[in-house]
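See below for the structure under consideration.
In the numbering used here, the protein residues as written are 252 to 319.
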């Protein structure tokens, strides 16, 4: 291989390395911002029994309406 090809390949590899490094840094920064935004959201309850009662009441009313 000629010296020009070797120089060109090395320049491309260095440029690719710089791009990968910048993308990784941007990804880490964006992830940190998302984590900070998610931390500010109020916690969501794992299970809310009032929704179950509401759904059951709706089902009961629908069944009452279906019966003659």
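C-beta: ideal position from N, C-alpha, C; glycine also.
Cα-Cα separation, residue i to residue j
i: residue 317; j: residue 278; result: 55 Å
i: residue 261; j: residue 293; result: 50 Å
i: residue 256; j: residue 264; result: 12 Å
Reduced DSSP category for residue i - H, G, I as helix; E, B as strand; rest coil
i: residue 253; result: coil
i: residue 219; result: Given a span of 252 to 319 for the chain in the structure shown, any question on residue 219 remains unanswerable.
i: residue 267; result: helix
i: residue 299; result: coil
i: residue 289; result: helix
Cβ-heavy atom distance, residue i to the ligand ZN, below 6 Å
i: residue 289; result: This structure does not include the ligand ZN; it has no bound ligands of any sort.
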